[in-house]
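Taking it in order: structure first as structure tokens, then the write-up.
Residue numbers (our numbering), protein chains in the order written: chain A, 1 to 373; chain B, 374 to 468; chain C, 469 to 947.
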């Protein structure tokens, strides 16, 4: 009979890996299974932005605490993920955007994000690389970025140090409920544990199905791009009011251009592809904000999945009706907020009272209030 | 120039002047800039952006990016850039 | 990026080397409208590269003559030549984004033939990033197209027939290398002789090379390889040492050769980015140069109406590329309904037979320039593998020890392959190092995920003219 672990986490992205890390540090014997290497999907290929200005209002209190976690990643994670804390600017180029920005920044400020509105001229003083075309900017000192592609290496080392059993490149295909807990069917054989956390990113819908739960998850296919190394063109994180641009320059000189412009592809396999006209749109927006980018060359563009529930709020908490089963995922701006929500979930699993409430999925399991037919 | 690359064929293209870091150079119009620079004795074209080690043209077919330098203020691969009269070439890479 | 119709052509051919030219001409002869895209100003690819400086006179090599002949045929055909265009994106339904002199353009066709060739493999050694160290293919281009010889003291190194061709070519022009450093030994060269029986023309050409090299009295160091290059801002010397037939370093004296240039090449790596980008099945074929799209003998990939031919679909050389081009051109004509099955079968006989005849020779050449794993194992820890990002062998080994098991993870751990060459210069070697570290197959460590742009392009060139209000900004993210 194989080992009965205290906890199995299915999915080794930010959410799963952080949950596993804190559960292990809380004394549990934890195993993580992932169909690929750790943090190689959304957690490794996202734009790395750690911002309040793209975070949903309901998530601001979580994001603020998560930002603090990222800023001190060396302490609790023990490894560098290239976190830089810097000013963030959310720009408005038109009257309409200024209105949108004023409203959105106000709501986020009410939720605790220290965002102030400044003029385009003031924004230029904070970010000399900025275009002079901005009318208004949301300014937040709690902003910054991590180097998403370093996440896997950092978590891998931390999890191993914490004694977590890693089963990478080992897809799970089913979950059986047993008298002692759960048996997860994987390519490398069954893995048994008293508790299970489903943390499979855009694939949690299928995984929840293994437990007989119907949790619809929408898949976003976010396009991203990066320039080759260029001389310093900017020092802040720059976005626009509607959230469809994120820009930052890493210390080695590359500029990552994101913002959630949609490519095509599905989570069910096959190649995802970028839509060239949307890449061009995203790049036009980027160059409109930071004109010096025009001189850069595009080195690479790619797509990354993002999971979204029907209300675009997280699915984090116990799975109703199944003792000792939990889910974590679909956290909007999940790279920013993921670690804190995962820490809260680990607290709950360890029998501690979480500091802030989770986002239980009960709300998502009833028919949608205005759903058709 | 000592140990420059040597032209071994009579060239029937018109010769044009361009400048490299402010120095006047002559080459057949339309020749890939990387080739003209080799013939003019410019082997080192830039430094690598990370460790700042000297680099020169390597593949001459647009693949390696080692000859990406500033041409008229823009980054261009010298091996893919035809020489034009009056071209302003700066021997520095992106960073 | 405005377009008149969704389909500009019946078939688009990417790459104007032998395979691309022949396939385009063949498809066109059968009535298909064909667009042929290449970055160079003229067709020819590398092997048939149009001599730019030289006249195409009496001393023109057979490749130059073949190239001229095919360019003339192309000019007489109905193929639309879209040259001087850098391909930067290929998406499904075969929509191709290019960057030309007038900015970004889009072309689309229901069928796509990819014939984008190969790039050179150079086994890294300390100092290979010094100015004056250049690829063997670069030497060929200088020799054939631009009439440029390296400085007086230059060294030629590597493996394969290109070594002999370049040495002989420069010897005839009065600029022989001061030494030839050949990984192969005389026995390896002799072993290729039987395969040459089917290629009397090449045999003659080969004999000519040998005569030129011998009469120039160029010292040849068989079973030797470059250990390192030395110099400050450019190469001043290279140090060579003995190796065995697999490229293992063996005991024996090192020798330092003062030089102003070193031309080196260790074979070719298929550039299969486009089929990879589109998600076509890939196979690792060591003898064909590495990862290639899985194709039938007509060049059909696993994706409908996507064909891959030429060295980008496996290193087989220019002659095979021509018959492969004919076969793909015929297959496209058949698959698009321009010729019936009987006609397709009938017309395929000749190129298929030709391919069979060439097989032994092309396999012998490909074998000679195959990657020798022992050569990679012999790379010094301090040698830079990824030139763009200055990532050393030691860095890669550390990443492997830290748990990187596939090349894309390796890239994340080290930035190897993240620079502007997009991993073309280092990919094959980095993958081999990783596989050796974990003692697993090349299949197990995989290949870089292909990403657009297929070559770096400036953001400026992508922008075009626009007003802020033209940007189709999607609806805001939820609050």
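In this text, a Cβ means the ideal position worked out from N, Cα and C, and glycines have one as well.
Check: Cβ of residue 230 of chain A within 9 Å of any chain B Cβ; Outcome: yes
Check: According to DSSP, residues forming a beta bridge with residue 273 of chain A; Outcome: A/264
Check: CB contact flag (residue 263 of chain A, residue 243 of chain A, <9 Å); Outcome: no
Check: Cα-Cα separation between residue 373 of chain A and residue 366 of chain A, rounded to whole angstroms; Outcome: Residue placement at residue 373 of chain A cannot be trusted, given a pLDDT of 38 that sits under 50; the coordinates are not used to answer.
Check: Chain A contacts made by the stretch 852-878 of chain C, where a contact means CB separation under 9 Å; Outcome: 856, 857, 867, 870, 871, 872, 873, 874, 876, 877
Check: Rounded straight-line distance, which links the Cα of residue 628 of chain C to that of residue 661 of chain C; Outcome: 13 Å
Check: Contacts around residue 74 of chain A, its chain only, beta-carbon distance under 7 Å, and the 5 residues preceding and following it disregarded; Outcome: 80
Check: Those residues which DSSP pairs with residue 49 of chain A across a bridge; Outcome: A/145
Check: Closer than 8 Å: residue 767 of chain C CB and nearest the ligand SAM heavy atom; Outcome: No copy of the ligand SAM occurs in the structure displayed, which carries no ligand at all.
Check: Unbroken stretches of the alpha helix (DSSP H), 4 residues or longer, contained in the stretch 840-906 of chain C; Outcome: 841-845, 861-869, 875-882, 895-906
Check: Exposure of residue 320 of chain A, with buried meaning 16 or more beta-carbon neighbours within 10 Å; Outcome: exposed
Check: Contact set for residue 863 of chain C: own chain, Cβ-Cβ below 6 Å, skip 5 residues either direction; Outcome: 882
Check: Where residue 194 of chain A sits in the DSSP three-state scheme; Outcome: strand
Check: Beta carbon proximity, residue 5 of chain A to chain B, threshold 9 Å; Outcome: no
Check: Rounded Cβ spacing between residue 303 of chain A and residue 265 of chain A (contact assumed at less than 8 Å); Outcome: 6 Å
Check: Contact set for residue 376 of chain B: own chain, Cβ-Cβ below 6 Å, skip 5 residues either direction; Outcome: none
Check: Simplified DSSP assignment, three categories, for residue 3 of chain A; Outcome: coil
Check: CB contact check: residue 928 of chain C to chain A, cutoff 9 Å; Outcome: yes
Check: Cβ contact (3+ pairs, closer than 8 Å) linking the stretch 737-752 of chain C and the stretch 761-778 of chain C; Outcome: yes
Check: Closest residue to residue 222 of chain A among A/3, A/22, A/47 (Cα-Cα distance); Outcome: A/47
Check: Spatial neighbours of residue 229 of chain A in its chain, beta-carbon cut-off 7 Å, leaving aside the 5 residues before and after; Outcome: 252, 253, 254
Check: Start-to-end residues for the beta strand (DSSP E) that takes in residue 326 of chain A; Outcome: 325-329
Check: Integer Cβ distance of residue 392 of chain B from residue 462 of chain B, believed to fall under 8 Å; Outcome: 7 Å
Check: Chain C contact for residue 371 of chain A (CB, 9 Å cutoff); Outcome: Low local confidence applies: a pLDDT of 48 at residue 371 of chain A is under 50, so the model's placement there is unreliable, with the coordinate-based value given in what follows. No, no contact with chain C.
Check: Residue 891 of chain C to residue 439 of chain B span [Cα, whole Å]; Outcome: 13 Å
Check: Boundaries of the beta strand (DSSP E) in which residue 162 of chain A is found, first to last residue; Outcome: First-last for residue 162 of chain A: undefined, no H or E at that position.
Check: Chain-ordered neighbours of residue 559 of chain C on chain A, where CB pairs are closer than 9 Å; Outcome: 264, 273, 274, 275, 276
Check: Proximity test, Cβ basis, 9 Å: residue 584 of chain C and chain A; Outcome: no
Check: Residue 223 of chain A in three-state terms, based on DSSP; Outcome: strand
Check: Candidates B/399, B/384, B/408, of which the one nearest residue 390 of chain B by Cα; Outcome: B/399
Check: Interface residues of the stretch 428-457 of chain B facing chain A [CB-CB below 9 Å]; Outcome: 438, 441, 446, 447, 448
Check: Residue-chain proximity (residue 946 of chain C, chain B), Cβ-Cβ < 9 Å; Outcome: no
Check: Contact belief for residue 703 of chain C with residue 601 of chain C at Cβ below 8 Å, rounded distance in angstroms; Outcome: 5 Å
Check: Residue 549 of chain C at chain B interface by Cβ criterion, 9 Å; Outcome: no
Check: With 16 other Cβ atoms within 10 Å as the buried cut-off, status of residue 371 of chain A; Outcome: Low local confidence applies: a pLDDT of 48 at residue 371 of chain A is under 50, so the model's placement there is unreliable, with the coordinate-based value given in what follows. Its Cβ having fewer than 16 others within 10 Å, residue 371 of chain A is exposed.
Check: Where the stretch 741-769 of chain C meets chain A: residues whose CB sits under 8 Å from a CB there; Outcome: 745, 746, 747
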